[in-house]
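**Student:** Residues 1 to 185 (the working numbering) are what the sequence shown spells out, left to right. Here a beta-carbon is modelled for each residue, glycine too, at the ideal position from N, C-alpha and C. Once you've had a glance at the structure underneath, I'll fire off some questions.
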Amino acid sequence: MATVLKLKRGRSIAVAVAAIALAVLAGAQLAPATRPTIEPAQRAAFSVLRMRTPAPSRALQSMITHVVSTSRPLGLYLSLGRRVVTPGGVIAWVVPGDGNICVVHDGTATAGCTSTQEAIRHGMSLGEKETSFAGPSYLLLGLVRDGVRAVEVFPDNRPPLLVPVIHNVYAYLGSAPARAVPLRR
């Protein structure tokens with residue numbers, strides 16, 4: 001089962017979750033003092049982890065130096081995180097860890113994490129609700145293994161639709177909550 005960290009109204013929770021996301025973006029190292037490496041199972045199942053992405057800015061790295069240890073229980077290797085931009089412009093980070101893998105929404109500091117084996121077998125997704133003057137919007141962000149080219153998304157208020165998978169990541173933004181089913185090739 002995926003662990004979902006949601007940005008709440010409470011200041012301490014918001015700061016902690018934002019710190020985790022900023023740490024992801026800054027490429028901070030949270031695992032033990034050994035040189036981090038991506039697990040072979042993660043590298044084999046998720047092509048995004050075989051890619052190179054630009055390093056985060058120094059300014060961003062310096063902002064999170066004092067809060068890096070907040071993700072230690074998941075054993076995340078933030079320096080090995082990979083940035084993905086979906087066709088709809090949603091920016092996500094895929095972050096490997098010691099037996100875990102996470103997908104983080106860059107825009108709201110929401111993260112979903114699960115075990116490597118669970119992500120390989122079933123994928124993972126997280127949903128979040130955002131409220132603005134225009135009304136609520138819902139983001140469904142997910143991670144699937146290699147070979148999945150699209151997911152079928154089932155919004156609560158409209159017929160199903162196909163959403164492309166880009167570098168193992170998909171994102172759907174709509175006016176109602178949704179769930180997704182991965183489609184193979």
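#1: Under three-state DSSP, which class holds Thr86?
#2: Span of the alpha helix (DSSP H) holding Glu130?
#3: Excluding the five sequence neighbours on either side, which residues of its own chain have a C-beta within less than 7 Å of the C-beta of Thr116, listed in chain order?
#4: Assuming Val144 and Tyr170 are in contact, meaning their beta carbons sit under 8 Å apart, how far apart are those beta carbons, in whole angstroms?
#5: From which residue to which residue does the beta strand (DSSP E) around Arg149 run?
#6: Kindly indicate which three-state DSSP category Pro40 falls into: helix, strand or coil?
#7: What does the Cβ neighbour count give for His167, buried or exposed, with the cut at 16 atoms within 10 Å?
#8: Hey, quick one: how far does the beta strand (DSSP E) through Val95 stretch, first residue to last?
#9: Would you please state the rounded distance, in angstroms, between the beta carbons of Glu152 and Pro159? I believe it to be under 8 Å.
#10: What does Ile101 pair with, by DSSP beta-bridge criteria?
#11: How about Asn157 and Ser132: do their beta carbons lie closer than 9 Å?
**Tutor:** Put simply:
#1: coil
#2: The continuous stretches of alpha helix (DSSP H) do not include Glu130, which lies in the beta strand (DSSP E) extending over residues 124–132.
#3: Around Thr116: Glu39, Ala41, Gln42, Gly99, Asn100, Ile101.
#4: 7 Å
#5: 148–155
#6: helix
#7: buried
#8: In the DSSP assignment, Val95 falls within the beta strand (DSSP E) that extends over 91–96.
#9: Between the beta-carbon of Glu152 and that of Pro159 there is about 11 Å, and that puts the pair past the 8 Å contact cut.
#10: Ile101 is bridged to Pro96, Thr114.
#11: Contact: no.
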